[in-house]
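> Residues in the sequence shown are numbered from 30 upward in steps of one, following our numbering.
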Amino acid sequence: MPLVTTKEMFKKAYEGGYAIGAFNINNLESIKGIIEACKEKNSAVILQCSTGAIKYAGMDYLIALVNAASKESGLDIALHLDHGPDFETCKKCIDAGFTSVMIDGSHHSFEENIKLTKQVVEYAHSKGVTVEAELGVLAGVEDDVVADDHIYTNPDEAVEFVKQTNCDSLAIAIGTSHGAFKFPPNFKPELKFEILEEIQKKLPGFPIVLHGASAVDPESVKTCNEYGGKINDAVGIPVEMLRKASSMAVCKINMDTDLRLAMTANIRKVFGDTPSEFDPRKYLGTAKDGVKAVVLSKIENVLGSENSSSSKKCGCNCGCK
Numbered sequence: 030m031p032l033v034t035t036k037e038m039f040k041k042a043y044e045g046g047y048a049i050g051a052f053n054i055n056n057l058e059s060i061k062g063i064i065e066a067c068k069e070k071n072s073a074v075i076l077q078c079s080t081g082a083i084k085y086a087g088m089d090y091l092i093a094l095v096n097a098a099s100k101e102s103g104l105d106i107a108l109h110l111d112h113g114p115d116f117e118t119c120k121k122c123i124d125a126g127f128t129s130v131m132i133d134g135s136h137h138s139f140e141e142n143i144k145l146t147k148q149v150v151e152y153a154h155s156k157g158v159t160v161e162a163e164l165g166v167l168a169g170v171e172d173d174v175v176a177d178d179h180i181y182t183n184p185d186e187a188v189e190f191v192k193q194t195n196c197d198s199l200a201i202a203i204g205t206s207h208g209a210f211k212f213p214p215n216f217k218p219e220l221k222f223e224i225l226e227e228i229q230k231k232l233p234g235f236p237i238v239l240h241g242a243s244a245v246d247p248e249s250v251k252t253c254n255e256y257g258g259k260i261n262d263a264v265g266i267p268v269e270m271l272r273k274a275s276s277m278a279v280c281k282i283n284m285d286t287d288l289r290l291a292m293t294a295n296i297r298k299v300f301g302d303t304p305s306e307f308d309p310r311k312y313l314g315t316a317k318d319g320v321k322a323v324v325l326s327k328i329e330n331v332l333g334s335e336n337s338s339s340s341k342k343c344g345c346n347c348g349c350k
């Protein structure tokens, strides 16, 4: 089936008290692992590309892979630009076939963020594409996105921002953080649910997005380190906090680090256990399986998005519509 926008996805998610997983993709294995899990759970999904992923794999390759996944799976799939840095990048993705884009003007002043977001929204909406914006700043590192300080989203500003820009969803800062090393060692993460609750009250029915929401699975970190890795003091967001957020106004939860860790852990294990292995299909196939396991866990324990896709299965577990 053709790719879809996030509009109907988010409407159903908001009303149903669950969130859609937005998983970053970089190659064939990441896409296949995500889609296999979503097919098994009949879950709608957002496949998103950072500018780093586009630079690495090439836009045409990624679009072709996502279109193939959509055709093969029959799932509701949106192709989304993650952290678009400017109007030109968003326009290029929209013109190429993305069904959703994010314009990240969070590093600008409030007024400049509004101006930039409004420009993207006007162009995207003229092409039938949805737009995610960001208000507030998440600390941490993700590809080209780097921030040292965390600035929580102001609920009153969120209302004004949405009103002036007409964006379709809004990424907010309530305590999540980008990357694997989100917080200092022994730090106990706490999400500011009071901010989310106030925004939900002031913007009823409006989809909220959480970035930097990987749980940083301890088992993946442990496996990486056992097989020669040096991923020490990695701390993520507790699963129960993410599930609570997805039962509220949060309709999209971004996850990238957990997929990277799972792929790396599985590849390291293959090389460590079978040093003679040189067939990429073997170790990359295992990496794909690691991604699938992560996504299955996210759907069950964080998102609650099982059976959210409009595709109809026959009940034989074959993935047919």
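Using N, Cα and C, we set each Cβ at its ideal position, and we do this for glycine too.
Which first and last residues belong to the alpha helix (DSSP H) in which L266 is found?
In the sequence on display, residue 266 carries Ile and not Leu. Note, I266: premise wrong, no alpha helix (DSSP H); not H, not E.
> DSSP state of L239, grouped into three classes?
Looking at L239 - three-state DSSP - the assignment turns out to be strand.
> With a cut-off of 8 angstroms on the beta carbons, I'd call S79 and H112 a contact; round off their distance for me.
So it is a contact: roughly 6 angstroms between Cβ atoms.
> Check whether the Cβ atoms of A48 and I228 sit closer than 8 angstroms, and answer yes or no.
Not in contact: A48 and I228 (Cβ atoms no closer than 8 angstroms).
> Nearest to P247 by alpha carbon, out of G265, L91, G46, I237?
Cα-wise, what sits closest to P247 is G265.
> Run through DSSP, which three-state label would H284 get?
Strictly speaking, residue 284 in this sequence is Met, with His absent from that position. Reduced to three states, the DSSP call for M284 is strand.
> L91 to E101, Cα distance in whole Å?
Each residue's Cα considered, the two are about 15 angstroms apart.
> Are the segment 68 to 77 and the segment 154 to 170 in contact at 8 angstroms, needing three or more beta carbon pairs?
The segment 68 to 77 is not in contact with the segment 154 to 170.
> Kindly list the residues whose CB is nearer than 6 angstroms to the CB of S243, restricted to its own chain and excluding five residues on each side of it in sequence; keep chain order.
Cβ neighbours of S243 beyond the five flanking positions: G265, M284, T286, D287.
> With DSSP as the reference, label E227 as helix, strand or coil.
Helix at E227.
> Taking Cβ to Cβ, would you say V324 is nearer than 8 angstroms to G81?
No, the Cβ-Cβ distance between V324 and G81 is not below 8 angstroms.
> Please report the distance separating the alpha-carbon of V299 from that of K147.
Near 48 angstroms, if we compare the C-alpha coordinates of K147 and V299.
> Once the 5 residues before and after N330 are set aside, which same chain residues still bring their CB inside 7 angstroms of it?
Result list for N330: V268, R272, in chain order.
> Buried or exposed: E171, going by 16 or more other Cβ atoms within 10 Å of its Cβ?
Any answer about E171 is weak, because its pLDDT of 48 lies below 50 and its placement is not dependable; what the coordinates show is given next. E171 comes out buried.
> Given a cut-off of 8 angstroms on the beta-carbon distance, is the pair A93 and T34 in contact?
For A93 and T34, no; Cβs fall outside 8 angstroms.
> Three-state secondary structure (DSSP) at A209?
Low local confidence applies: a pLDDT of 42 at A209 is under 50, so the model's placement there is unreliable, with the coordinate-based value given in what follows. Coil, per DSSP.
> What's the gap between the Cα of V166 and the Cα of A322?
Rounded to whole angstroms, V166 to A322 spans 30 angstroms at the Cα level.
> Should N261 go down as buried or exposed, given a rule of 16 or more other Cβ atoms within 10 Å for buried?
Its Cβ having fewer than 16 others within 10 Å, N261 is exposed.
> List the whole-angstrom C-beta distance separating D140 from G134, where the pair is believed to meet the contact cut-off of C-beta under 8 angstroms.
Contrary to the premise, residue 140 reads as Glu rather than Asp in this sequence. Not confirmed; about 10 angstroms, so no contact.
> Among the residues of its own chain, which have a CB less than 6 angstroms from the CB of F116, if the five just before and after it don't count?
For F116, where only same-chain residues beyond five positions count, the Cβ hits under 6 angstroms are Q148, V149.
> Drop a sphere of 10 angstroms on the beta-carbon of G50, count the other beta-carbons inside from all chains shown, and report buried for 16 or more, exposed for fewer.
Buried, since its Cβ has 16 or more Cβ neighbours within 10 Å.
> Could you name the residues of the same chain whose beta carbon sits closer than 8 angstroms to that of S337, not counting the 5 residues immediately before and after it, in chain order?
Here the set comprises M38, K41, A42, G45, Y47, I49, N71, S72, A73, D105.
> Is the separation between the beta-carbon of L220 and that of I203 shorter than 8 angstroms?
Result yes, Cβ atoms of L220 and I203 sit closer than 8 angstroms.
> What are the residues that DSSP puts in a beta bridge with N53?
For N53, which the question treats as bridged, DSSP gives the partners Q77.
> With DSSP as the reference, identify every bridge partner of T159, one or two as the case may be.
DSSP lists S129 as partners of T159.
> What is the residue span of the alpha helix (DSSP H) that S198 lies within?
It is not in any alpha helix (DSSP H) - S198 instead sits in the beta strand (DSSP E) that spans 198 to 201.
> Tell me the DSSP secondary structure of H353 in three-state form.
No information on residue 353 is available, as it lies outside the stretch 30 to 350 that the chain covers here.
> Measuring only the C-alpha atoms, how far is F235 from K311?
Each residue's Cα considered, the two are about 44 angstroms apart.
> Can you find the residues in the same chain that come closer than 8 angstroms, C-beta to C-beta, to Y152, ignoring five residues on each side of it along the sequence?
Around Y152: F116, C119, K120, I123.
> Which same chain residues, not among the five before or five after A274, have their C-beta less than 7 angstroms away from its C-beta?
Answer for A274: L220, L225, L239, listed in chain order.
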